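Using the numbering used here, read the sequence shown as starting at 1 and increasing by one per residue. First comes the structure, then the notes that go with it.
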Amino acid sequence: MTARRSRSRRGRRRGAARSNGRPAAAEAARSTAAEAVSPAVAETGPPTVAGAARRLGIAQLHAEQEQMIAESLTARDALMVVPTGFGKSACYQIPSMLLPSPVVLISPLLALLRDQHEKLVQRDIPCVRLDGTVRGRNRRLAVERIAEGGSLLVMTTPETLASPMMTELLAKTGVSLVAVDEAHCISEWGYDFRPAYSRIGAQLRLLGSPPLLALTATATERVREAIITSLRMDDPAIVAESPHRSNLAFEVLRCEGDTRARVLVRLVKRLRRPGIIYCATRREVDMLYALLRRFRIPAHRYHGGMTATERNAEQARYMRRGHRTVMVATNAFGLGIDKPDIRYILHYQSPASLEQYVQEAGRGGRDGKKANCILLYDPEDRTIHQALLNRSRVRPEQLFKLGTALAAWSDEQRSPSLEALALSAELGPRIASALLNKVEEAGFVTCEDSVIRVNDPTRSIEDDTRGLAGQFERLRTQDSRRLDAIEEYAGADECRASFLSRYFGEGACEPCGLCDICRGHPTRPVGFFAPLTPPKAPKRKTRPRRRGGTRSRTRRRKPRRAPRASERD
Ligand SMILES: [Zn+2]
């Protein structure tokens, strides 16, 4: 693995211009943070970085983690682009134990926040989770704890951060550091743009522009630039790792039509478990799950069409330590899963982007041992993704219609209900509601008690939504570029690891020696694609007729081998 540290030249220029204009309060916050921490990192007085790491169960930090922690402790902005499983969370968790006032973590992923919060509580590390799902007494307790201030990790979402209550609370306690997780969501050039993220920069200025740590698993050069600009990062230190790890063996197997399921079953029978099979649709998950069960391969499944209880039960069984089964899932599965010994990640269909592909492939082999990342590639997959993206992405022209309608209501100084707004925008209520969510996320309106209010009547809501529509337009054009990149990856004659490295702006790397290209493109025998015969169902044992038989006789008639626990699942 090659670590590369570089400074963004543009970032430095912008930084120089900004330092002069930086509010005095921000400068003060930064220098206080830097001074206050010096005794903590000194060799003599506890707590130390190493001590804090031990509390998290980390015996030895990577050099890159140490560097990021050091930058955060000296109040320098930093951007970290490293693959999943690298240990990004330690880079803000450790400072949260050492810095004098709260460290704020912003993430859009509620499940991840919940999971991380539980783990930190178990380790008795001061932390508070406050997002839209924390209500009643828990909310009151969380607010009280934040108000106390001191060394603390405050975990929240961009929406909650934007609430006046949170701004007031954090402005009082002061903030030592803000960690922005999934920072690629800031950019419409990325694959997962979220309007709520575009507000973070302005929100942080209300908090006196505390030092920043932006984190993401994947970001092309363009997305990195967008993160630095949007958050107004000041000459950030950048740590970027190649998006693949040296123990991942990439492979692309071209198979079309029926052959795909056959190849999959043959691979799954040969490969060491546990593994994950990713599919593009729920229907495919159900189909493959049934197929694997027919071949008596212990499997679980996970997709958005199952109830939360079903999903949680399947995930819990799959995650059990030492449990060697196969998970068949859509991309809904895997965020924040922490199973180090996954031996393969098989993509039954190509994902919608290489960003998504490397994130998912990166869930394999976190224990550092070899893991296979195999993509079963059919050029037809593109059509499926185009249809899915068409359905899920915001349509800019509809968003613009909504903006025009909102402007008309606002001009009359009236606050419409959703139904009234949908009617005037000539949109269906469901579409209007989905679009309104985006407009609310972007901070242009507030929906309360079924009434929609424009937040800032002095601004043109029409222009604001037009701007937002433009961002979604760019996101859509980028979708097809991302699908092109998948095609290029599948058809490339270059080492797969090197291809991915170049795509993510890290430049070509040494041939990995593990991927199919480095191994000379080995072809599979023809039999690999031949039809399959599922094993015959075991004959039903007929109950011995009771002819005065004894208990011991009945016992002998039992099947020789009890089904393994994994098969019962
Ligand atoms: Zn290679």
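Every residue gets a Cβ at the ideal spot worked out from N, C-alpha and C, and that includes glycine. These figures come from a predicted structure and were not determined experimentally.
Return the bridge partner residues of residue i from the DSSP annotation.
i: residue 375; result: 252 and 347
i: residue 155; result: 105 and 129
i: residue 300; result: 327
i: residue 216; result: 81
i: residue 179; result: 105 and 213
i: residue 586; result: Any question about residue 586 goes unanswered here, given that the chain covers just 1 to 569.
i: residue 191; result: Looking at the DSSP assignment, residue 191 forms no beta bridge with any residue, so it has no partner.
i: residue 201; result: None; residue 201 has no bridge partner.
i: residue 276; result: 327 and 345
Using the beta-carbon count (16 or more within 10 Å), is residue i buried or exposed?
i: residue 574; result: The chain is shown from 1 up to 569; residue 574 falls before or after that span and cannot be answered.
i: residue 220; result: buried
i: residue 312; result: exposed
i: residue 533; result: exposed
i: residue 8; result: Residue placement at residue 8 is flagged as unreliable, the pLDDT there being 38, under the threshold of 50; the coordinate-derived value follows with that caveat. The residue in question, residue 8, is buried, as its Cβ has 16 or more Cβ neighbours within 10 Å.
i: residue 379; result: exposed
i: residue 521; result: exposed
i: residue 121; result: exposed
i: residue 21; result: Residue confidence for residue 21 is low, a pLDDT of 39 falling below 50, so the modelled location carries little weight; the figure read from the coordinates is stated next. So residue 21 ends up on the exposed side.
i: residue 196; result: buried
i: residue 339; result: buried
i: residue 60; result: exposed
i: residue 526; result: exposed
i: residue 77; result: buried
i: residue 307; result: exposed
i: residue 463; result: exposed
i: residue 411; result: exposed
i: residue 190; result: buried
i: residue 40; result: In this prediction, residue 40 has a pLDDT of 41, which is less than 50 and means its spatial position is unreliable; what the coordinates show is noted afterwards. Residue 40 should be labelled buried.
i: residue 141; result: exposed
i: residue 224; result: buried
i: residue 63; result: exposed
i: residue 477; result: exposed
i: residue 31; result: Low per-residue confidence applies at residue 31: pLDDT is 48, beneath 50, and the placement is therefore not dependable, though the value from the model is reported in the following sentence. By the neighbour-count rule (16 or more Cβ atoms within 10 Å), residue 31 is not buried but exposed.
i: residue 562; result: No answer about residue 562 holds up, because its pLDDT of 42 lies below 50 and its placement is not dependable.
i: residue 148; result: exposed
i: residue 484; result: exposed
i: residue 479; result: buried
i: residue 88; result: buried
i: residue 165; result: exposed
i: residue 194; result: buried
i: residue 51; result: exposed
i: residue 330; result: buried
i: residue 446; result: exposed
i: residue 233; result: buried
i: residue 192; result: buried
i: residue 242; result: buried
i: residue 24; result: Note that residue 24 scores a pLDDT of 48, beneath 50, so its modelled location is shaky and nothing firm can be said.
Taking 7 Å as the cut-off, is the C-beta of residue i nearer than that to any heavy atom in ligand 2?
i: residue 425; result: This structure does not include ligand 2; its bound ligands are ligand 1.
Rounded to the nearest angstrom, how far is the Cβ of residue i from that of residue j, given a contact under 8 Å?
i: residue 237; j: residue 71; result: 5 Å
i: residue 517; j: residue 494; result: 7 Å
i: residue 106; j: residue 156; result: 6 Å
i: residue 337; j: residue 373; result: With 8 Å as the limit, residue 337 and residue 373 do not qualify as a contact, their Cβ atoms being about 16 Å apart.
i: residue 401; j: residue 422; result: That pair is no contact at about 10 Å.
i: residue 200; j: residue 175; result: With a Cβ gap of about 13 Å, residue 200 and residue 175 do not count as contacting.
i: residue 123; j: residue 56; result: 7 Å
i: residue 254; j: residue 377; result: 5 Å
i: residue 211; j: residue 158; result: Actually they are not in contact, since the Cβ atoms of residue 211 and residue 158 sit about 18 Å apart, beyond 8 Å.
i: residue 67; j: residue 252; result: Residue 67 to residue 252, Cβ: 35 Å. No contact.
i: residue 162; j: residue 443; result: 6 Å
i: residue 381; j: residue 353; result: Rounded, the Cβ-Cβ distance is 12 Å, inconsistent with contact.
i: residue 274; j: residue 326; result: 7 Å
i: residue 302; j: residue 333; result: 4 Å
Residue ranges of each beta strand (DSSP E) run of no fewer than 3 residues wholly in the region 108 to 135, ordered along the chain? 127 to 130
Just list the alpha helix (DSSP H) runs in the region 417 to 497, keeping only unbroken ones of 4 residues or longer that don't cross its boundaries, in chain order. 418 to 425, 429 to 441 and 461 to 491
Between the region 203 to 215 and the region 130 to 138, do three or more beta carbon pairs fall short of 8 Å? When Cβ pairs closer than 8 Å are counted between the two stretches, the region 203 to 215 is seen not to touch the region 130 to 138, the count staying below three.
Would the region 499 to 508 and the region 434 to 450 be scored as touching if the rule is three or more Cβ pairs under 8 Å? no
Counting Cβ pairs, one atom from each stretch, are 3 or more of them under 8 Å apart for the region 227 to 241 and the region 257 to 265? no
Contact between the region 80 to 97 and the region 361 to 369 is defined here as three or more beta-carbon pairs at a separation below 8 Å; is this criterion met? Yes: at least three Cβ pairs fall under 8 Å.
Could you say if the region 270 to 285 and the region 393 to 406 meet the contact criterion of at least three C-beta pairs nearer than 8 Å? no
Mind pulling the alpha helix (DSSP H) runs of 4 or more residues that sit fully within the region 351 to 406? 354 to 361 and 381 to 392
Under 8 Å: do the region 450 to 467 and the region 407 to 418 share three or more Cβ pairs, one atom per stretch? yes
Pairs of beta-carbons, one from the region 315 to 322 and one from the region 367 to 376, closer than 8 Å: are there three or more? Because the criterion of three Cβ pairs below 8 Å is not met, the region 315 to 322 and the region 367 to 376 do not touch.
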